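Peer 1:
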Amino acid sequence: MTAPDHWHAPATIMACQAGKHVYCEKPCSHNPHEGELSLAAARKYNRVVQVGAQRRSWPGLTEGIEALHNGVIGKVHFAKAWYTNNRKSIGFGKEMPAPSTIDFDLWQGPAPRRSYRDNLIHYNWHWFWHWGTGEALNNGTHEIDVVRWGLGLDFPTAVSSEGGRFRYKDDWETPDTQTIDIRFGDDCLVTWEGRSCNSRDTEGRDRGVIFYGEGGALETGHNGYRIFDMKNKLVKELASKDVIDGRDPNSPSANLDMGHIADFIDAIKTNRRPNGDIEELHKSTLLVQLGNIAWRTGHRLMIDPANGHIVNDPEAQRLWSRTYEPGWEPIV
2 MTAPDHWHAP ATIMACQAGK HVYCEKPCSH NPHEGELSLA AARKYNRVVQ
52 VGAQRRSWPG LTEGIEALHN GVIGKVHFAK AWYTNNRKSI GFGKEMPAPS
102 TIDFDLWQGP APRRSYRDNL IHYNWHWFWH WGTGEALNNG THEIDVVRWG
152 LGLDFPTAVS SEGGRFRYKD DWETPDTQTI DIRFGDDCLV TWEGRSCNSR
202 DTEGRDRGVI FYGEGGALET GHNGYRIFDM KNKLVKELAS KDVIDGRDPN
252 SPSANLDMGH IADFIDAIKT NRRPNGDIEE LHKSTLLVQL GNIAWRTGHR
302 LMIDPANGHI VNDPEAQRLW SRTYEPGWEP IV
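Following the numbering used here, the numbering of the sequence shown begins with 2 at its first residue and continues without gaps.
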């Protein structure tokens, strides 16, 4: 299923209700409430729901995560994730009738109706809150999921975010530059840095994750990893043989993606949870969704670590869900 972000959860829910197993593109939901509904639908109808967190099925990265779980750098107290790109301005769109090649009413589906504009489809909807979720969910979801996978954490205790639309003045609503800080009590801090309009690499990579522990650091990059000791000496490296350009919207990592699809098919055949199960990916997606909510409200969020819900913040709580086009409300 490939569709705009606002369609991911409603389509997943309807597919589960129709008795179908689902391969859902990331992010698995447009807002936290939809993520909870998708999980509920998968369990209620006993369906396999695999989210497109392909890294969960990459063998080289899996080896690095297993080393992390086995204590190769000891207890981890900080993890940093990042994504970079050099996206151009989307300008100011003009309202106009939708082209005959687009069923714009169906395209909007569960979203309340808005007029078609000439700078929306097929990619720029990512930067409008009404349909998209910004770079944090468009790409940050991947790295933050690797962080959760590596640390074995569930829900945080506090989330804050800073950033803005700094590079251009246009219709783009979500941040083009953003940091999200996610605290897990006294265990560790996780941060995500997104730079949509400056593609300078971090640690020599366009995107990635570094885990900082009491005995060294482990850096993941695509389908490989590097381990450093406390003196910054490289002690082990598994270099990826797969060519991946994280800035290419055509996703040239097809060879690696096939492993995730194979895992989805095997999970259906064996009636098991897939590598990118909806429960795990809802938890990962929620972290960056909370970051976006913190950014939109302009203040730090306190979170219940038992379920990931926002505590004592009516303004932020209003962004937990959304309004829907009448008759399109997702129901499990």
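Even for Gly, the Cβ is constructed at its ideal location relative to N, Cα and C. The structure displayed is predicted, hence computed values, not measured ones.
(1) Within a Cβ cutoff of 6 angstroms, which residues of the same chain sit near Ser58, ignoring the five residues on either side of it in sequence?
(2) Could you name the residues of the same chain whose beta carbon sits closer than 8 angstroms to that of Thr180, not counting the 5 residues immediately before and after it, in chain order?
(3) Where does Trp329 land, buried or exposed, given buried means 16+ other C-beta within 10 angstroms?
(4) Which residue spans inside the stretch 191 to 250 form an unbroken beta strand (DSSP E) run of at least 3?
(5) Pop quiz: Val333 and Ile91 are said to be a contact at Cβ under 8 angstroms. What is the actual Cβ separation, rounded to whole angstroms?
(6) For the stretch 120 to 138 against the stretch 92 to 105, do three or more pairs of beta-carbon atoms, one drawn from each stretch, fall closer than 8 angstroms, so that the two count as touching?
(7) Helix, strand or coil: how does DSSP classify Cys1 here?
(8) Given a cut-off of 8 angstroms on the beta-carbon distance, is the pair Ala112 and Asn293 in contact?
(9) Below 6 angstroms CB to CB, which residues in the same chain sit around Tyr24 once its five sequence neighbours on both sides are set aside?
(10) To the nearest whole angstrom, what separates the beta carbons of Ala80 and Val148, a pair I think is in contact under 8 angstroms?
(11) In whole angstroms, what is the alpha-carbon distance linking Leu69 and Leu219?
(12) What are the start and end residues of the beta strand (DSSP E) that includes Asp182?
(13) If you follow the alpha helix (DSSP H) that Trp8 is part of, which residue opens it and which one closes it?
(14) Tell me which residue opens and which closes the alpha helix (DSSP H) that Gly65 is part of.
(15) What residue range is occupied by the uninterrupted alpha helix (DSSP H) comprising Gln55?
(16) Within the same chain, show all residues whose beta-carbon is closer than 6 angstroms to that of His22, passing over the 5 residues directly before and after it, in chain order.
(17) Can you list, in chain order, the residues of its chain whose CB lies under 7 angstroms from that of Glu279, leaving out five sequence neighbours each side?
(18) Report all residues from its chain with a CB closer than 7 angstroms to the CB of Lys242; omit the five preceding and five following residues, and keep chain order.
(19) In three-state terms, what does DSSP make of Arg44?
(20) Do you know how far the Cα of Asp207 is from the Cα of Asn199?
(21) How big is the Cα-Cα spacing for Ala240 and Leu257?
(22) Taking the alpha helix (DSSP H) that Thr1 falls in, what are its first and last residues?
(23) Between the alpha carbons of Pro315 and Met231, how many angstroms are there, rounded?
(24) Going straight from the alpha carbon of Met2 to that of Glu26, what length do you get?
(25) Going straight from the alpha carbon of Asn308 to that of Pro98, what length do you get?
(26) Is the separation between the beta-carbon of Glu64 and that of Phe129 shorter than 8 angstroms?
(27) List, from N- to C-terminal side, the beta strand (DSSP E) runs of 3 residues or more that fit wholly inside the stretch 121 to 170.
(28) Under the rule that 16 or more other beta-carbon atoms within 10 Å means buried, what is Asn140, buried or exposed?
Peer 2: This is what the structure holds:
(1) Counting from 1 along the sequence shown, the entry for residue 58 is found at position 57. Closer than 6 angstroms at Cβ, skipping near neighbours: Gly260, His261, Asp264, Asn276.
(2) Within the sequence shown, residue 180 is the residue found at index 179, counting from 1. Shown here for Thr180: same chain residues with a beta carbon closer than 8 angstroms to its own, the five before and five after excluded, namely Ser162, Glu163, Gly164, Thr192, Trp193, Glu194, Gly195 in chain order.
(3) On the sequence shown, residue 329 is found 328 positions in, with the first residue counted as 1. With a threshold of 16 other beta carbon atoms within 10 Å, Trp329 falls short and is exposed.
(4) As for any beta strand (DSSP E) of minimum length 3 sitting wholly inside the stretch 191 to 250, the runs are 208 to 214, 217 to 222, 225 to 229, 235 to 239, ordered along the chain.
(5) For the purposes of this step, residue 333 is identified with residue 332 of the sequence shown, where counting begins at 1. For the purposes of this step, residue 91 is identified with residue 90 of the sequence shown, where counting begins at 1. About 35 angstroms separates the two Cβ atoms, so there is no contact after all.
(6) Three or more pairs of CB atoms, one per stretch, sit closer than 8 angstroms, so the stretch 120 to 138 contacts the stretch 92 to 105.
(7) The structure shown has nothing for residue 1, since the chain only spans 2 to 333.
(8) On the sequence shown, position 111 is the one that residue 112 refers to. On the sequence shown, position 292 is the one that residue 293 refers to. Between Ala112 and Asn293, the CB-CB gap reaches or exceeds 8 angstroms.
(9) On the sequence shown, position 23 is the one that residue 24 refers to. These residues qualify, in order along the chain: Gln51, Phe265.
(10) Numbered from its first residue, the sequence shown carries residue 80 at position 79. Numbered from its first residue, the sequence shown carries residue 148 at position 147. Distance from Ala80 to Val148 at the Cβ level is roughly 5 angstroms; contact confirmed, criterion being Cβ atoms closer than 8 angstroms.
(11) Indexing the sequence shown from 1 puts residue 69 at position 68. Indexing the sequence shown from 1 puts residue 219 at position 218. Taking the straight line from one Cα to the other gives about 8 angstroms.
(12) Mapped onto the sequence shown, residue 182 falls at position 181. Asp182 -> beta strand (DSSP E) spans 178 to 185.
(13) Residue 8 sits at position 7 when you count from the first residue of the sequence shown. From DSSP, the alpha helix (DSSP H) with Trp8 extends over 6 to 18.
(14) Along the sequence shown, read from residue 1 onward, the residue named residue 65 stands at position 64. It spans 60 to 70 - the alpha helix (DSSP H) in which Gly65 sits, taken as one unbroken run.
(15) Residue numbering aside, residue 55 sits at position 54 when the sequence shown is read from its first letter. Per DSSP, Gln55 belongs to no alpha helix (DSSP H) and is neither H nor E.
(16) Along the sequence shown, one-based indexing puts residue 22 at 21. Apart from sequence neighbours up to five positions away, the residues of its chain that approach His22 with a beta-carbon distance below 6 angstroms are Arg48, Val49, Ile269, ordered along the chain.
(17) Counting from 1 along the sequence shown, the entry for residue 279 is found at position 278. According to the sequence displayed, residue 279 carries Ile and not Glu. Around Ile279: Cys29, Ser39, Leu40, Ala43, Val50, Val52.
(18) Sequence index remark: in the sequence shown, residue 242 carries index 241 (1-based). Around Lys242: no qualifying Cβ.
(19) What you label residue 44 is simply residue 43 of the sequence shown in a count that begins at 1. Helix, per DSSP.
(20) Indexing the sequence shown from 1 puts residue 199 at position 198. Indexing the sequence shown from 1 puts residue 207 at position 206. Answer to the nearest angstrom: the Cα atoms are 10 angstroms apart.
(21) Within the sequence shown, numbered from 1, the residue matching residue 240 stands at position 239. Within the sequence shown, numbered from 1, the residue matching residue 257 stands at position 256. Rounded to whole angstroms, the separation of the alpha carbons of Leu257 and Ala240 is 14 angstroms.
(22) Past the edges of the chain, shown from 2 to 333, lies residue 1, and the structure says nothing about it.
(23) For this step, residue 315 is matched to residue 314 along the sequence shown. For this step, residue 231 is matched to residue 230 along the sequence shown. So the two alpha carbons sit approximately 44 angstroms from each other.
(24) By one-based count along the sequence shown, residue 2 stands at place 1. By one-based count along the sequence shown, residue 26 stands at place 25. Residue placement at Met2 cannot be trusted, given a pLDDT of 48 that sits under 50; the coordinates are not used to answer.
(25) As a first step, residue 308 must be located in the sequence shown, where it is residue number 307. As a first step, residue 98 must be located in the sequence shown, where it is residue number 97. Those two C-alpha atoms are separated by around 44 angstroms.
(26) The residue you call residue 64 lines up with position 63 of the sequence shown. The residue you call residue 129 lines up with position 128 of the sequence shown. No, Cβ-Cβ distance for Glu64 and Phe129 is not below 8 angstroms.
(27) Secondary structure remark: continuous beta strand (DSSP E) runs of at least 3 residues inside the stretch 121 to 170, in chain order: 159 to 165.
(28) In the sequence shown, residue 140 corresponds to position 139, counting from 1. With 16 or more other Cβ atoms within 10 Å, it is buried.
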